[in-house]
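Colleague:
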Amino acid sequence: MGSTSRLRPWFACVLALAALAGVAEATELRVMVSGGDAPLADAVVSLHPVGAGGAAASARADMNQRDSTFVPGVLPVQTGTVVRFPNSDNIQHHVYSFSEAKRFDLPLYTGRDAPPVLFDATGVVVVGCNIHDWMIGHIVVVDTPYFAKTGADGTVRLQAPPGDYDLRVWHVRADRRVADRRLSLRGASMPAQLVELPVTPAPAAVETRGSERLRELQQKFRRMKDGA
Numbered sequence: 126m127g128s129t130s131r132l133r134p135w136f137a138c139v140l141a142l143a144a145l146a147g148v149a150e151a152t153e154l155r156v157m158v159s160g161g162d163a164p165l166a167d168a169v170v171s172l173h174p175v176g177a178g179g180a181a182a183s184a185r186a187d188m189n190q191r192d193s194t195f196v197p198g199v200l201p202v203q204t205g206t207v208v209r210f211p212n213s214d215n216i217q218h219h220v221y222s223f224s225e226a227k228r229f230d231l232p233l234y235t236g237r238d239a240p241p242v243l244f245d246a247t248g249v250v251v252v253g254c255n256i257h258d259w260m261i262g263h264i265v266v267v268d269t270p271y272f273a274k275t276g277a278d279g280t281v282r283l284q285a286p287p288g289d290y291d292l293r294v295w296h297v298r299a300d301r302r303v304a305d306r307r308l309s310l311r312g313a314s315m316p317a318q319l320v321e322l323p324v325t326p327a328p329a330a331v332e333t334r335g336s337e338r339l340r341e342l343q344q345k346f347r348r349m350k351d352g353a
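See the structure below:
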């Protein structure tokens, strides 16, 4: 018993060193995505190991509904992820998709009554509401654990083991939607990668019309509720 207790600190030290070695083996890659002269937010950046089969995960994610808008509007997930669609509004929504990667239909509901949806195939799933046609969301399903979404500065940082990868970038307003680039990750870090995508203008006018229509529907709903 005494010899076992003496070995425990040494064994813990070995495990800690092994864990640090595993971290040290990962290569960090910074990717900057721009559209024209401006950084692109909500671009999905992913690293796909060359010659490796598609990876699946047992993960969960949410695409909420607030103010008749999908939040987040772009949700990247790995294949095998179960996504819930909670409704945080005080009106009902009817969420659906006709996309080839995943077809589903969640009839009118509020709160968390809708069943979760398993996303088991790669691709871009366009999500809509059958009641509010301006509500559009995108779920980008990738078969790799190395992915992230750019912030307002158009930048992401990814970590992956050394090796050869295909770097892919998707954005909803990009003409080609997906940009591909072969990379060899070596060492602790790599030079930053700049990806420039030709993009269409942001649909500000469509969003404004949707907001005005939402206000009209909400006013009508309140009038009906008040018996006017």
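For the sequence shown, my numbering begins at 126 and goes up steadily by one.
Backbone N, C-alpha and C fix where the C-beta goes; we use that ideal spot for every residue, glycine too.
1) If I measure Cβ to Cβ from Val281 and keep anything under 6 Å in the same chain, skipping five residues before and after, which residues do I get?
2) Thinking just about the alpha-carbon of each residue, which of Asp238, Ser314, Val265 and Ala246 is nearest to the one in Ala151?
3) By how many angstroms is the C-alpha of Gly179 removed from the C-alpha of Thr269?
4) Look at Pro211 and Gly236 and say whether their C-beta atoms are less than 8 Å apart.
5) So Val324 and Arg293 are supposed to be a Cβ contact under 8 Å. How far apart are they, rounded?
6) Suppose the cutoff is 8 Å on Cβ atoms and the five residues either side in sequence are ignored; what does the same chain contact list for Gly205 look like?
7) Would you identify the three-state DSSP class for Gly198, choosing helix, strand or coil?
8) What is the rounded straight-line gap between the Cα of Ser224 and the Cα of Gly198?
9) What's the call for Val266, buried or exposed, on a 16-neighbour Cβ count within 10 Å?
10) Helix, strand or coil: how does DSSP classify Glu150 here?
11) According to the neighbour-count rule (16 or more other Cβ atoms, all chains shown, within 10 Å of its Cβ), is Ser309 buried or exposed?
12) Is Arg306 helix, strand or coil by DSSP?
13) Using beta-carbon positions only, say whether Ile264 and Val250 come within less than 8 Å of one another.
14) With DSSP collapsed to three states, give me the class of Leu283.
15) Look up Ile261 in the DSSP assignment and say whether it is helix, strand or coil.
16) In terms of DSSP beta bridges, what is Phe210 paired with?
17) Compare the beta carbon distance of Ser222 and Val252 with 8 Å and say whether it is the shorter of the two.
Modeller: If we stick to the structure as given:
1) Val156, Val170, Ala273 and Thr275
2) Closest option to Ala151, judged by alpha-carbon separation, among Asp238, Ser314, Val265 and Ala246: Ser314.
3) 7 Å
4) yes
5) Actually they do not touch by this definition, with Cβ atoms about 16 Å apart.
6) Ala181, Ala182, Ser183, Ala184, Leu243, Phe244 and Asp245
7) Gly198: coil per DSSP, three-state reduction.
8) 16 Å
9) buried
10) The three-state reading of DSSP puts Glu150 in helix, counting H, G and I together.
11) exposed
12) strand
13) yes
14) strand
15) DSSP places Ile261 in strand when its eight states are reduced to three.
16) DSSP, once it has assigned bridges, lists no residue as partnering Phe210.
17) yes
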